[in-house]
Every structure is written in structure tokens, then in C-alpha cells.
Amino acid sequence: RKFGCTEFVNPKDHNKPVQEVLAEMTNGGVDRSVECTGNINAMIQAFECVHDGWGVAVLVGVPHKDAEFKTHPMNFLNERTLKGTFFGNYKPRTDLPNVVELYMKK
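Numbering follows the UniProt record's numbering, with no gaps: position 62 of the sequence shown is 62.
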């Protein structure tokens with residue numbers, strides 16, 4: 001709650017997919033989801049729990065190289081957005097010198 005979390009859902013506490021639980025709790029889905037574990041099932045759930053029309057899921061975790069992301073095509077046609085990020089879009093070649101400079105000024 002200290003970081004703005006208003007609800008917590010443990011998927012193990014429910015007898016249906018967590019994305020269905022979240023859709024019921026939020027009247028259709030969450031606005032944003034961020035998945036950081038790299039667990040392929042969690043990544044799919046993070047995408048499938050966002051609201052049709054404006055929901056955005058960001059995948060940060062790195063899955064196993066052989067993992068496959070499978071979801072129904074209607075999830076995309078209903079204008080859900082899926083984004084990936086690697087190192088938070090950090091660009092070492094251009095960003096690292098700035099980080100070093102800021103650190104040296106401390």
C-alpha cells in the first residue's frame with residue numbers, strides 16, 4: 001500500500017483464471033499491468049487482464065528461450081496493447097556516460 005497498491009490478488013485463492021477475477025473486480029480489466037517474473041503464464045495473464053480498448057501490458061521479465069506466448073487474437077483486435085521492454089529501454093552506449101557523470105558529481 002505504501003507504493004500505491006490498493007488491492008492484492010493471489011491467484012491460488014481463486015478457482016478461475018486470475019484475469020477473470022481481475023475483470024470482475026475492475027469492471028472489465030485493469031488499465032495497466034507490468035509483469036516482471038518472466039514466467040510465461042504470468043506474462044499471458046498480465047496481457048489478458050488489461051481492459052479492452054485502452055489496457056496496456058508491459059512485459060519486463062525475460063522468459064525461457066523456448067517459451068511461447070499464446071493468446072486469443074481477439075485480445076489484440078479489441079485494442080489491448082502489449083509492450084516489451086529490455087533494460088527499461090536503457091541505452092548503455094549513450095546513457096551510461098551520463099549515469100557515471102551524475103555519480104561522480106555526488
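By construction, the Cβ of each residue, glycine as well, lies at the ideal position given by its N, Cα and C atoms.
Every value quoted in this text rests on a predicted model; they were computed, and no experiment measured them.
Residue i, DSSP secondary structure in three states
i     : result
Lys12 : helix
Glu68 : coil
Thr26 : helix
The beta strand (DSSP E) enclosing residue i, as first and last residue numbers
i           : result
Ala57       : 56-59
residue 109 : With the chain running from 1 to 106 in the structure shown, residue 109 is simply not present.
Anticipated Cβ contact below 8 Å, residue i with residue j, distance rounded
i     : j     : result
Thr71 : Ile44 : 6 Å
Leu59 : Gly84 : 5 Å
Phe69 : Ala57 : Their Cβ separation, rounded to whole angstroms, is 11 Å, which puts Phe69 and Ala57 out of contact at 8 Å.
Under 7 Å between C-beta atoms of residue i and residue j
i     : j     : result
Asn78 : Asp52 : yes
Pro11 : Gly38 : no
Assigned exposure category for residue i - 16 Cβ within 10 Å defines buried
i      : result
Leu102 : exposed
Arg80  : buried
Leu22  : buried
Segment limits, alpha helix (DSSP H) that includes residue i
i     : result
Glu48 : 40-48
Asn75 : 74-77
C-beta neighbour in chain D for residue i, strict 7 Å
i     : result
Val21 : The structure shown contains no chain D, having only a single protein chain.
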